[in-house]
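2 protein chains.
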Amino acid sequence: MRVYLAGPEVFLPDAREVLDRKIALTREAGLEPLAPGDLDEGPEGESRHEKGLRISRKNEALMHAADAIIANLTPFRGVGADPGTVYELGYMCGREKLAYGYTNVASNHFERLVNYYDGQMMQDEDGSLRGDDGLAVEHFDMADNLMLPGGIIARGGKLIACDVDPEALYSDLTAFADCLALLAARR
Amino acid sequence: MRVYLAGPEVFLPDAREVLDRKIALTREAGLEPLAPGDLDEGPEGESRHEKGLRISRKNEALMHAADAIIANLTPFRGVGADPGTVYELGYMCGREKLAYGYTNVASNHFERLVNYYDGQMMQDEDGSLRGDDGLAVEHFDMADNLMLPGGIIARGGKLIACDVDPEALYSDLTAFADCLALLAARR
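As you go down the protein sequences, you meet chains A and B in turn. Residue 77 in the working numbering sits at position 72 of the first sequence; the count goes up by one each step and never skips. Residue 168 in the working numbering sits at position 163 of the second sequence; the count goes up by one each step and never skips.
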């Protein structure tokens with residue numbers, strides 16, 4: 006079973022090392038890793054935009070070759086998961102592949118939104134909450150926007166949430182390894 | 006052609022009004038709108054979590070019935086697009102449907118990241134930039150993470166970016182109407 010390893014660890018200073026650990030753990034679980042990795046040299050005169058499109062095409066090709074995804078949905082630069090990883094989770098769910106996810110932040114989406122609004126929220130007539138910007142504050146006891154856990158669960162997968170050492174927010178692989186074990190059991 | 010209308014306007018206080026305007030514009034363009042709308046009453050004793058899963062299933066069923074998506078990728082509570090909308094864009098691209106997107110913020114992803122880091126960035130040996138948290142600052146002249154425009158462009162679509170009155174950040178439908186016109190021309 007080929008597993009696409011999605012997550013914002015590609016943005017870390019030690020991305021290569023973290024990706025190599027994910028790759029090794031995936032093989033140890035008896036699964037075949039497909040991970041975004043080092044990029045080939047581009048054609049001469051390639052613009053930034055063209056390079057971005059080339060990376061996108063490469064990642065989509067890897068997903069086409071994969072049977073499953075494990076998405077690192079740890080909040081990234083804000084309330085929720087990295088949008089690149091979220092796109093890839095949606096992409097694989099849309100293709101009806103197996104989907105698992107994990108986040109190294111245990112607080113749920115609602116708790117993080119309350120924090121985002123510093124607790125400054127208003128109550129609608131029906132009792133639902135809005136931030137001071139008027140936007141509805143979702144409260145579904147879920148780790149992120151409902152489409153993410155919804156898509157994972159609809160395909161029989163699981164989204165594992167736990168807290169880790171903040172220094173290893175994107176590189177702690179405990180929950181990733183738990184996802185691997187669940188996925189390996191489905192072969 | 007049936008078009009799934011994805012975007013964070015569902016979180017607005019006047020969500021119904023904005024969605025109804027999108028639906029009307031879609032019909033005027035000769036296309037059939039499929040929009041997340043009012044939710045049926047759930048079963049008695051339904052938990053928050055179960056309700057969230059029910060909304061996810063409903064939205065996925067709408068996407069299964071759609072031939073195309075127009076995603077409102079306007080930055081939402083932070084640097085980038087609403088994760089629910091991003092999931093849906095990935096979902097439809099994964100299904101190889103037509104995909105268009107728009108954002109009512111013209112600044113690109115890199116410019117917003119520089120702003121996010123208050124300009125406090127470091128330079129790697131190869132000249133690439135990192136935020137003061139060590140995370141790579143992407144610079145691909147794109148409106149958001151490269152997977153989003155990459156997915157749209159790979160399917161022949163377009164991501165339109167423009168600035169609007171900040172009061173109408175999520176409800177201005179100028180760029181949405183431009184997407185409708187491009188999509189209608191492809192029938």
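Quick reminder that beta carbons are idealized off the backbone N, C-alpha and C, glycines included.
**Report entry** Euclidean distance between Cα positions of Asn120(A) and Ser176(A)
**Finding:** The straight-line gap from Cα to Cα measures roughly 24 Å.
**Report entry** Arg82(A) at chain B interface by Cβ criterion, 8 Å
**Finding:** It does; some Cβ of chain B falls within 8 Å.
Query raised in the report: Do you know offhand how far Tyr105(B)'s Cα is from Lys27(B)'s?
Result: A direct Cα-Cα distance of roughly 15 Å separates Tyr105(B) from Lys27(B).
Report task. Just grab the DSSP bridge partners of Asn77(B) for me. Result -> Paired residue(s): Tyr107(B).
Report task. Measure the C-alpha to C-alpha separation of Thr31(A) and Ser61(A) and round it to an integer number of angstroms. Result -> Cα to Cα, Thr31(A) sits roughly 23 Å from Ser61(A).
Query raised in the report: Of the choices His69(B), Leu187(B), Gly83(B), whose alpha-carbon is the least far from that of Ile157(B)?
Result: The residue with the shortest Cα to Cα distance from Ile157(B) is Leu187(B).
Query - Cβ of Cys98(A) within 8 Å of any chain B Cβ - result: It does; some Cβ of chain B falls within 8 Å.
Query raised in the report: Residues of chain B with CB under 9 Å from Ser112(A), in chain order?
Result: Near Ser112(A) there are no residues of chain B at all, since even the closest Cβ is about 15 Å away, more than 9 Å.
Query raised in the report: Hey, is Leu44(A)'s beta-carbon within less than 8 Å of any beta-carbon in chain B?
Result: So, not an interface residue.
Query raised in the report: For Tyr122(B), which of helix, strand or coil comes out of DSSP?
Result: In the structure shown, Tyr122(B) sits in coil (DSSP, three-state: anything other than H, G, I, E or B).
**Report entry** Option in Leu39(B), Leu36(B), Arg59(B) with minimal Cα separation from Glu46(B)
**Finding:** Closest by C-alpha distance to Glu46(B), out of Leu39(B), Leu36(B), Arg59(B), is Arg59(B).
Query raised in the report: Comparing the C-beta of Lys56(A) with each C-beta of chain B, is any distance below 8 Å?
Result: Residue-level contact check: Lys56(A) touches chain B, since one or more beta carbons of chain B fall below 8 Å from its beta carbon.
Query - Cutoff 8 Å: Pro171(B) Cβ touching any chain A Cβ - result: Nearest CB-CB separation between Pro171(B) and chain A: not below the 8 Å threshold.
Query raised in the report: Considering only residues of the same chain and omitting the five flanking positions on each side of Asn150(A), which have a CB-CB separation below 6 Å?
Result: Beyond the five residues adjoining it in sequence on each side, Asn150(A) comes within less than 6 Å, by CB distance, of no other residue in the same chain.
Requested in this report: For Met147(B), name the three-state secondary structure that DSSP assigns.
Outcome: Assigned with DSSP and collapsed to three states, Met147(B) falls in coil, not helix or strand.
Query raised in the report: Helix, strand or coil: how does DSSP classify Glu46(A) here?
Result: Glu46(A): coil per DSSP, three-state reduction.
Query raised in the report: Are any of the Cβ atoms in chain B nearer than 8 Å to that of Tyr92(A)?
Result: True, the Cβ-Cβ gap to chain B drops below 8 Å.
**Report entry** Distance between Pro80(B) and Asp140(A) (C-alpha atoms, nearest Å)
**Finding:** The question names Asp, but residue 140(A) is Leu in the sequence shown. Within the model, the alpha-carbon separation for Leu140(A) versus Pro80(B) is close to 13 Å.
Query raised in the report: For the ligand SAH, any of its heavy atoms closer than 7 Å to the Cβ of Ala148(B)?
Result: Ligands displayed in this structure: none; no statement on the ligand SAH is therefore possible.
Query raised in the report: Can you list the residues of chain A that Asn64(B) reaches, using a CB-CB cut of under 7 Å?
Result: Those are Met152, listed as they occur along chain A.
Requested in this report: Could you tell me the boundaries of the beta strand (DSSP E) in which Arg135(A) lies?
Outcome: Segment 134–136, the beta strand (DSSP E) holding Arg135(A).
Report task. Name, please, each residue of chain B whose Cβ falls closer than 9 Å to the Cβ of Ala141(A). Result -> Within 9 Å Cβ-Cβ: Val15, Phe16, Leu17, Pro18, Ala20.
Report task. Between the Cα of Glu143(B) and those of Ala159(B), Asn113(B), Pro48(B), Asp168(B), spot the shortest distance and give me the residue it belongs to. Result -> With distances taken between CA atoms, Glu143(B) lies nearest to Asn113(B) out of Ala159(B), Asn113(B), Pro48(B), Asp168(B).
Query raised in the report: Are the beta-carbon atoms of Met152(A) and Gly89(B) separated by less than 8 Å?
Result: The Cβ-Cβ distance between Met152(A) and Gly89(B) falls below 8 Å.
Requested in this report: Mind the definition here: the region 167–176 of chain B touches the region 33–50 of chain A only if three or more C-beta pairs lie below 8 Å; say whether that holds.
Outcome: Between the region 167–176 of chain B and the region 33–50 of chain A there are fewer than three inter-stretch CB-CB distances shorter than 8 Å, so the stretches are not counted as touching.
Report task. State yes or no: is the C-beta of Ala111(B) within less than 8 Å of the C-beta of Cys167(B)? Result -> In contact: Ala111(B) and Cys167(B) (Cβ atoms closer than 8 Å).
Requested in this report: Return helix, strand or coil for Gly162(B), following the three-state DSSP convention.
Outcome: The answer is coil: DSSP assigns Gly162(B) none of H, G, I, E or B.
Report task. Could you tell me if Arg82(A) is buried or exposed, where buried requires 16 or more neighbouring beta carbons within 10 angstroms of its beta carbon? Result -> Within a 10 Å sphere around the beta-carbon of Arg82(A) sit 16 or more other beta-carbons, which makes this residue buried.
Query raised in the report: With a Cβ-Cβ cutoff of 8 Å, do Ala34(B) and Leu10(B) count as a contact?
Result: Against a cut-off of 8 Å, the Cβ pair of Leu10(B) and Ala34(B) comes out as no contact.
**Report entry** Interface residues of chain A facing Met147(B) [CB-CB closer than 7 Å]
**Finding:** Within chain A, the residues whose beta carbon sits less than 7 Å from that of Met147(B) are His54, Gly57, listed in sequence order.
Report task. Quick one: list the residues of chain B neighbouring Ala159(A), beta-carbon separation under 9 Å, in chain order. Result -> Residues of chain B with a Cβ closer than 9 Å to the Cβ of Ala159(A) are, in chain order, Leu58, Ser61, Arg62, Glu65.
**Report entry** CB contact below 8 Å: Gly2(A) versus chain B
**Finding:** Residue coverage of chain A in this structure runs from 6 to 192, which leaves residue 2(A) outside it and unanswerable.
Requested in this report: List the whole-angstrom C-beta distance separating Glu101(B) from Asn64(B), where the pair is believed to meet the contact cut-off of C-beta under 8 Å.
Outcome: The beta-carbon separation of Glu101(B) and Asn64(B), rounded to 19 Å, does not stay under the 8 Å limit for a contact.
Query raised in the report: Does the beta carbon of Gly89(A) come closer than 8 Å to any beta carbon on chain B?
Result: At a cut-off of 8 Å between beta carbons, Gly89(A) contacts chain B.
Query raised in the report: Within the 8 Å Cβ cut-off, does Gly12(A) reach chain B?
Result: Taking Cβ atoms only, chain B never reaches closer than 8 Å to Gly12(A), which makes this a no.
Query raised in the report: Taking just the CA atoms, how far does Asp87(B) sit from Gln125(A)?
Result: Cα to Cα, the separation comes out at about 21 Å.
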